[in-house]
Amino acid sequence: MSVSSFINTYDDVQVWRSKSSSCGSDAGFKAQELYSNYKYAAYDVWTPITGDYMEQYCTKFVWQSYYYGTGRVVNLGELSLTKYSVPPHWILDDYYLTKVEGGL
Numbered sequence: 014m015s016v017s018s019f020i021n022t023y024d025d026v027q028v029w030r031s032k033s034s035s036c037g038s039d040a041g042f043k044a045q046e047l048y049s050n051y052k053y054a055a056y057d058v059w060t061p062i063t064g065d066y067m068e069q070y071c072t073k074f075v076w077q078s079y080y081y082g083t084g085r086v087v088n089l090g091e092l093s094l095t096k097y098s099v100p101p102h103w104i105l106d107d108y109y110l111t112k113v114e115g116g117l
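Residues 14 to 117, numbered by the working numbering, are exactly what the sequence shown covers, in order.
So, in structure tokens, the structure goes:
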């Protein structure tokens, strides 16, 4: 299924991209590293956003990729580093990201 088809089928999905190609690329490499090293991490939404890679969820994975992977301080959503259970809309930070496609 193409991205466009997926978004048309599930109208609340949004696609966001880094405004900086180097930042986005670095975060992407970090995401690949996290996935390779922690693909069997437990799914847990009540876990600190920093540190513990063995407990993951979608938003934490994206946030950590930018925070630890870019070589600069990219704190999507300017979150407290002690935050737990971060919903996706909290990291849609239009300072670093731009909306490419999607619904609501």
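Note that the Cβ used here is the ideal one computed from N, Cα and C, for glycine as well.
C-beta atoms of residue i and residue j nearer than 7 Å
i: Val118; j: Tyr70; result: This structure cannot speak to residue 118, because the chain is shown only from 14 to 117.
i: Thr95; j: Arg30; result: no
i: Gly115; j: Val28; result: yes
i: Asp106; j: Leu92; result: no
i: Tyr109; j: Pro61; result: no
Identity of the residues DSSP links to residue i by a beta bridge
i: Ser31; result: Leu110
i: Pro61; result: Tyr97
i: Ala55; result: Glu68
i: Gly41; result: The partner list for Gly41 (beta bridge, DSSP) is empty, contrary to what the question assumes.
i: Gly115; result: Gln27
Closest Cα partner of residue i within the set the options
i: Gly37; options: Gly90, Thr83 and Asp25; result: Thr83
i: Glu68; options: Tyr80, Ile62 and Ala54; result: Ala54
i: Tyr79; options: Leu47, Lys52, Tyr56 and Asp65; result: Leu47
Buried/exposed call for residue i, threshold 16 Cβ in 10 Å
i: Lys43; result: buried
i: Asp39; result: buried
Three or more C-beta pairs below 8 Å linking the segment 65-80 and the segment 95-114: yes
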